[in-house]
Amino acid sequence: MNIGVVVFPGSNCDHDCAHVVKDVLGHDVTMVWHKEASLAGLDAIILPGGFSYGDYLRTGAIARFSPVMQAVKQFAGDGGLVFGICNGFQILLEAGLLLGAMLRNRSLHFVCKDVYVRIENAATPFTCVLKPGQILRIPIAHADGSYYTDPVTLAGLQANAQVTFRYCTADGKAVPEANPNGSLDNIAGICNAEGNVLGMMPHPERCVEALLGREDGRAIFQSMIMSLERKKLAAAR
Amino acid sequence: MKAKIHVTLKQGILDPQGKAIEHALDSLGFKNVANVRVGKYMELDLQENDKGKAEAQVKQMCEKLLANTIIEEYRYELG
Amino acid sequence: MKAKIHVTLKQGILDPQGKAIEHALDSLGFKNVANVRVGKYMELDLQENDKGKAEAQVKQMCEKLLANTIIEEYRYELG
Amino acid sequence: MPLITKDLIAQHNLTGDEYNKIVDILGREPNITELGMFSVMWSEHCSYKSSRVHLKKLPTTGPRVVQGPGENAGAVDIDDGLCVVFKMESHNHPSFIEPYQGAATGVGGILRDIFTMGARPIALLDSLRFGELHSPKNRHIMKGVVSGIAGYGNCMGVPTVGGEIVFNDIYALNPLVNVFCLGIAKKDKIFRGTAAGVGNPVIYFGSKTGRDGIHGATMASDSFDDTSEQKRPTVQVGDPFTEKLLLEACLELMERDLLVGIQDMGAAGLTSSSCEMASRAGNGIELDLTVVPRREPGMTPYEIMLSESQERMLMVAKAGKEDECIAVCRKWDLDVAVVGKVTADGILRVMDQGMVVAEIPAKALADDGPRYERPYQPPAYQDMLTNLNYDLIPDIKDGNGALLALLESPTIASKRWVYEQYDHMVRTNTMVRPGSDSAVVRIKGTNKAVAMTVDCNSRYCLLNPYEGARLAVAEAARNLVCSGAAPIGLTDCLNFGNPERSDIMWQFVMAIEGMKDACERFQVPIVSGNVSFYNETNGLSIYPTPMLGMVGLIEDVGWTMTQWFKSEGDDIILLGTTREDLGGSEYLKVVQAREQGSPPYLNLDVEKALQDCVLSLIRGGLLQSAHDCSDGGVAVALAESCISGSGWTRGAVVTLTKGRLRDDAVLFGESQSRVVISVKPSQRQAVLDHARSFGVPADVIGMVSGDRLVISVRHEGAEECLIDQPVSELLDRWAYAFERSLNHV
Ligand SMILES: Nc1ncnc2c1ncn2[C@@H]1O[C@H](COP(=O)(O)OP(=O)(O)O)[C@@H](O)[C@H]1O
Ligand SMILES: [Mg+2]
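From first to last, the protein sequence lines stand for chains H, Z, V and A.
The numbering of the first sequence is the numbering used here, which starts it at 34 and goes up by one.
The numbering of the second sequence is the numbering used here, which starts it at -14 and goes up by one.
The numbering of the third sequence is the numbering used here, which starts it at -14 and goes up by one.
The numbering of the fourth sequence is the numbering used here, which starts it at -14 and goes up by one.
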């Protein structure tokens, strides 16, 4: 596979995502400069974490106007896999590729630590090797991760099983104590109605190697690769 | 022409910053303060003499970039 | 009584936010924008009927907490 | 042009003699711009005029040293064609005036020092000193500093992987903010700040120049008094986003074959970067201020030359490569301009609107500043500090209470509240996160890792600056060794009071001697550093704080070790000897409210043997955990090993031998050269044999077991239980003490 990792000015998890795809999973990576207008030849797109444009106005607010975002919209519209992590998630929200918005963490602090998330939908291309209800321990690192949307949209997300991850306790309870940032309904990640665009605040790319402690994040990248392989196979038939 | 723009969280959306300030004011002894809300204030110079055109532009800036209308509302003055 | 408080960076102090927004507006095609400055806007309710006392209090709040007078200046309206 | 009056000279912090020297150098009176340039370059901060003669004594060479002191940062070889580039810097004064921006721009400054060398920064550590948390002002400074470091470091995507915080009211009006940064560079691709090659273009890039921070360097060279508030306009605001662009642009410029030399504009901005680069190459530079990118209209040459606006760089490009350099900067949305060229005459010549506005020999500015051999002498109060009659201090009655009090004293309590605000995992290298003896970061593309720690017990340094400095070196090295790393290099940040006072100068000189002796014994070279004098307010000086940042190499990532107990049933062994070392201890301060006595005894040979032993045990795969005994002694070390694991706790049942020692010394004394290790029972004998072969005393003191920490002392066959606490209680006190002190109004 050839996975594109978009580099916005201020992206800082771009290298980390590339490292996972290339060095850990053995696939090709193309770093995509934000002024790029075409994503031809790429199998999936990752929007990495960081502080695009310093996040000086609102997280993701300026990055969404980068020329590459037109191409990302097109790519997603054509059914391509688009995966936003942390700042990448925030950009997808600002760009309208996912529904809702991000508010400051309830604590008003940046928070970097491991949290538990529960798989709410294991049928997406990003979670297909996981089981529903499975619990992963993954780091978060953000100051604006309090997901918000209006009640109607929330009901829609719930009804369509678009809530993909919820913050939970070690034994899987999605209770307020397990919510690290004040997210509505403990939401840690959502996808679009078609399931091919996913955004999540936790950083799966930070836990794919036993050397760094845990490998819980690996399953998400493996799901993505497996979905791409299936799609290729289907197309070849 | 100068534009002055206020962007604030919509009513009903929890404003933890406002809460924190209220709390801090309280512990400083300002006991009679309530409903603190925090927003952004922006000023900019616009090279445009036509007030109507200027207004249309500022409105566009707000809608497109300066405010996220899912969570925020905005108002502006021109002068 | 309602207090409306504006806190802005002093002249001459670098405003990275303003700079970033100006740049973004420019690349969105708003070429006629200059001198974007970003500040904070706060609203609060004050239980105090005496205007003079209210003013003294708000001033104190600004000096003590709401503004960082080393790099920021503030102004307020009561009403 | 203002006339150069006596007042003006004094306002520039120059003495009459220094002024006369300037007139001699120029062969005429300086104009105001030149006066300003001399004043910043000859300030204590930039010229090291009081410290240079002593700094020369420090060991700076070794087989691994690629770059010693004198450049933007030091570099040490880690094989595989790579080296680590590191340095520590203080931003104390600015952080007192404006905590958030002061700390943030401190992080920005040290990052630039590292990436100007061609290294990609991969880790930050912060070492902080504040007044005690009961005062709102101290809390305000602490919160501001922590969020400033977070705000800048997180945005840059450089993880803050460790640090240190100590609270003592002596720092209330002079907080210390020292930041350490480490980067990785190819050994043959290190860049230096040199203006070689006459005719080569000098290029400015980064942010625009504003009026901010004018005279930051002279401010950092002055004591505070009640009028310091008026110095406030010198505060600078950091822009980490621009710095991130600057970082990427620099590394891209360096990838290509475009540069001759490069240096960041730190203290004294355009003046220091240009004259230092010229002086290192024995050349001159001609600058044209007319084309310098500016933020504000109407700036004078004086202001432009002295501005300390952040996020700016100066590079000397190869002739003909200007356009390529400019294209890279534009790609990263940076301001850029060719502002001058390298000349042969050794003069820093500054032009504005076609006129010469300053003309000074570059070397005179950069290197020929005044040097002082300031008088030094121990103060009369020194004996009062060390003479402590222990007979007047009752031995401990309530061991449980004392342990809990120590665990919740903010100096010992968990710093989770702080480091959770720092992104400590970005770049996906962090093997050991904050919370163990040192931070460990793997080096991608190799099987290696580096360990880093920052240490200094400034109370020890107050009581005996020579011993205190030796102890700091020993502790730093011990922290690395406990993580499985061999120490390979050191950087320092020497925070002291006013060097014009003979007692302060004595502290400084003694500390240097102590560092020198310890570094020589451990064969750890000092490759970079920084001196911060004048940490004094209204005549009250901080404790001498020679902060050390030490770097160790783990040649096989499999050797990495952590401090927390792993498995039920493991044996606990104490390596080293416990003596009656209560002087200067955290116990005396927290429980007895005394900061007195002589600091713990340290024998460098004993320490070295211990460290060699621990390293060899770790490499032999014989250990489950290793934790050095420092603040709070063996009782606190044991408690930390029980509770500091991430996500679990362990209990321990321990019996310590009392001999003729006091109970409080056995539990909380801070005897050096001791490490608490845990081992699998099957390897106990091998470990004991191993220790004996290194001549290191080793006692099996107990077992990892249950969910309580139980510590008894044995004396002539009798055992007495002094501490018995549920681990959950220890954890609660230690883990949340910080939040509790902050929320307590
Ligand atoms: N300011 C800080 N920033 C980040 N981490 C910190 C800070 N202060 C302490 N820590 C972390 O907390 C742990 C304990 O620190 P400390 O008690 O100073 O250790 P030691 O006594 O072994 O030197 C270390 O892992 C350290 O890196
Ligand atoms: Mg230690």
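Beta carbons: idealized from backbone N, C-alpha and C, even for Gly.
> Contact between the stretch 504 to 512 of chain A and the stretch 414 to 427 of chain A: three or more CB pairs below 8 Å?
Replying inline: no
> Between the Cα of His119/A and the Cα atoms of Ile603/A, Ser394/A, Ala622/A and Met535/A, which residue gives the shortest distance?
Replying inline: The residue given as residue 119/A occupies position 134 in the fourth sequence. Answer by Cα proximity: Ser394/A.
> Closest to Gly142/A by CA distance: which of Leu96/A, Asn159/A and Val131/A is it?
Replying inline: Within the fourth sequence, numbered from 1, the residue matching residue 142/A stands at position 157. Taking only the C-alpha atoms, the option nearest Gly142/A is Leu96/A.
>> Can you check whether the C-beta of Val277/A is within less than 7 Å of a C-beta belonging to chain V?
In response: In the fourth sequence, residue 277/A corresponds to position 292, counting from 1. Not one chain V Cβ lies under 7 Å of Val277/A.
> Going by the CB atoms, is the gap between Gln(-4)/V and Tyr89/H shorter than 7 Å?
Replying inline: Taking the first sequence and counting its residues from 1, the one referred to as residue 89/H is at position 56. Taking the third sequence and counting its residues from 1, the one referred to as residue -4/V is at position 11. No, Cβ-Cβ distance for Tyr89/H and Gln(-4)/V is not below 7 Å.
> Are there 16 or more other CB atoms within 10 angstroms of the CB of Pro121/A, so buried, or fewer, so exposed?
Replying inline: Taking the fourth sequence and counting its residues from 1, the one referred to as residue 121/A is at position 136. Counting Cβ neighbours within 10 Å, Pro121/A comes out exposed, since fewer than 16 surround it.
> Per DSSP, which one or two residues make a beta bridge with Asn515/A?
Replying inline: The residue given as residue 515/A occupies position 530 in the fourth sequence. Paired residue(s): Cys478/A.
> What did DSSP end up calling Pro666/A once you bin it into helix, strand or coil?
Replying inline: Here residue 666/A is taken as the residue at index 681 of the fourth sequence, counted from 1. Of the three classes helix, strand and coil, the one that applies to Pro666/A here is helix, per DSSP.
>> Using 7 Å as the threshold, is the C-beta distance between Glu405/A and Val65/H below it?
In response: Here residue 405/A refers to the residue found at position 420 of the fourth sequence. Here residue 65/H refers to the residue found at position 32 of the first sequence. No. Outside cutoff.
> Pick from Gly55/A, Ser423/A, Lys348/A and Asp383/A: whose alpha carbon is nearest that of Ile539/A?
Replying inline: The residue you call residue 539/A lines up with position 554 of the fourth sequence. When each option's Cα is compared against that of Ile539/A, the closest is Ser423/A.
> Just by C-beta distance, which residues in the stretch 15 to 26 of chain Z are closer than 8 Å to chain D?
Replying inline: As a matter of chain content, chain D is missing from the structure shown, whose protein chains are H, Z, V and A.
> With a cut-off of 7 Å, does the C-beta of Gln45/V fall near any C-beta of chain H?
Replying inline: As a working mapping, residue 45/V is identified with position 60 in the third sequence. Closer than 7 Å: no.
>> Nearest by alpha-carbon distance to Ile17/A: which of Gly554/A, Leu388/A and Val335/A is it?
In response: Locating residue 17/A in the fourth sequence gives position 32, where the first residue counts as 1. The shortest Cα separation from Ile17/A among Gly554/A, Leu388/A and Val335/A belongs to Val335/A.
>> Please state the DSSP three-state secondary structure of Asp56/H.
In response: Here residue 56/H refers to the residue found at position 23 of the first sequence. Here Asp56/H sits in helix by DSSP.
>> Distance check for Pro682/A and Thr530/A, CA to CA, integer angstroms please.
In response: The sequence position of residue 530/A within the fourth sequence is 545, counting from 1. The sequence position of residue 682/A within the fourth sequence is 697, counting from 1. Using only the alpha carbons, I get a separation of about 32 Å.
>> Below 8 Å on the Cβ atoms is my contact criterion, and I expect Gly554/A with Val689/A to pass it. Report the Cβ-Cβ distance as a whole number of Å.
In response: The residue given as residue 554/A occupies position 569 in the fourth sequence. The residue given as residue 689/A occupies position 704 in the fourth sequence. Rounded, the Cβ-Cβ distance is 6 Å, consistent with contact.
>> Could you tell me the alpha carbon to alpha carbon distance between Pro666/A and His60/H, rounded to whole angstroms?
In response: Counting from 1 along the fourth sequence, the entry for residue 666/A is found at position 681. Counting from 1 along the first sequence, the entry for residue 60/H is found at position 27. Roughly 44 Å between the two C-alpha positions.
> Going by C-alpha distance, which of Leu607/A, Gly636/A, Phe653/A and Ala157/A is nearest Cys614/A?
Replying inline: By one-based count along the fourth sequence, residue 614/A stands at place 629. The shortest Cα separation from Cys614/A among Leu607/A, Gly636/A, Phe653/A and Ala157/A belongs to Phe653/A.
>> Excluding the 5 residues flanking Val403/A on each side, which residues of the same chain have their C-beta closer than 6 Å to its C-beta?
In response: As a first step, residue 403/A is located in the fourth sequence; it is residue number 418 there, counting from the start. Closer than 6 Å at Cβ, skipping near neighbours: Val131.
> CA-CA distance, Lys(-11)/Z and Ala203/H?
Replying inline: For the purposes of this step, residue -11/Z is taken as residue 4 along the second sequence, with counting starting at 1. For the purposes of this step, residue 203/H is taken as residue 170 along the first sequence, with counting starting at 1. Whole-angstrom Cα-Cα distance: 48 Å.
> Among Glu117/A, Val220/A, Gly94/A and Phe115/A, which one has its Cα closest to the Cα of Pro106/A?
Replying inline: Locating residue 106/A in the fourth sequence gives position 121, counting from the first residue. That would be Gly94/A, whose Cα lies nearest to the Cα of Pro106/A.
> Mind checking whether the beta-carbon of His175/H lies closer than 6 Å to any heavy atom of ligand 4?
Replying inline: The model on display carries ligand 1 and ligand 2 but not ligand 4.
>> Could you tell me the alpha carbon to alpha carbon distance between Ile289/A and Leu274/A, rounded to whole angstroms?
In response: If you number the fourth sequence from 1, residue 289/A lands on position 304. If you number the fourth sequence from 1, residue 274/A lands on position 289. Roughly 8 Å separates the two Cα atoms.
> So, helix, strand or coil for Tyr451/A, using DSSP?
Replying inline: Stepping through the fourth sequence from its first residue, residue 451/A is reached at position 466. DSSP places Tyr451/A in helix when its eight states are reduced to three.
> Taking Cβ positions only, does Ile6/Z come closer than 7 Å to chain H?
Replying inline: Here residue 6/Z is taken as the residue at index 21 of the second sequence, counted from 1. So no, Ile6/Z is outside the interface.
>> For a cutoff of 7 Å on Cβ pairs, would you count Arg270/H as touching chain Z?
In response: To locate residue 270/H, count along the first sequence from 1; it is residue 237. So, not an interface residue.
>> Looking at chain Z, is there any beta carbon in it that lies within less than 7 Å of the beta carbon of Leu50/V?
In response: The residue given as residue 50/V occupies position 65 in the third sequence. True, the Cβ-Cβ gap to chain Z drops below 7 Å.
> At least one CB of chain V closer than 7 Å to the CB of Ala39/Z: is that the case?
Replying inline: In the second sequence, residue 39/Z corresponds to position 54, counting from 1. No, its Cβ sits nowhere closer than 7 Å to a Cβ of chain V.
> For Gln295/A, does the count of other Cβ atoms within 10 angstroms reach 16, so buried, or fall short, so exposed?
Replying inline: One-based indexing of the fourth sequence puts residue 295/A at position 310. That one is buried.
> Under the three-state reduction of DSSP, which class applies to Leu587/A: helix, strand or coil?
Replying inline: Working through the fourth sequence from its first residue, we reach residue 587/A at position 602. Leu587/A falls in the coil class under three-state DSSP.
>> Please report whether the beta-carbon of Phe226/A lies at a distance below 7 Å from any beta-carbon of chain H.
In response: Taking the fourth sequence and counting its residues from 1, one reaches residue 226/A at position 241. With 7 Å as the cut-off, Phe226/A counts as an interface residue toward chain H.
>> Helix, strand or coil, according to DSSP, for Trp549/A in the structure here?
In response: The count along the fourth sequence starts at 1 and reaches residue 549/A at position 564. Coil at Trp549/A, not helix or strand.
>> Looking at the strands, I want to know which residues DSSP matches up with Gly66/H.
In response: In the first sequence, residue 66/H corresponds to position 33, counting from 1. Note on residue identity: the sequence assigns Trp, not Gly, to residue 66/H. According to DSSP, Trp66/H bridges with Val40/H.
>> Under 7 Å, Cβ to Cβ, is there at least one residue of chain V near Ile79/H?
In response: What you label residue 79/H is simply residue 46 of the first sequence in a count that begins at 1. Not one chain V Cβ lies under 7 Å of Ile79/H.
> Where does Val208/H sit, in a helix, a strand or coil, going by DSSP?
Replying inline: What you label residue 208/H is simply residue 175 of the first sequence in a count that begins at 1. It is coil, neither helix nor strand.
> Which ranges would you report for the beta strand (DSSP E) in the stretch -2 to 84 of chain A if only whole runs of at least 3 residues count?
Replying inline: 50 to 52, 59 to 62 and 67 to 75
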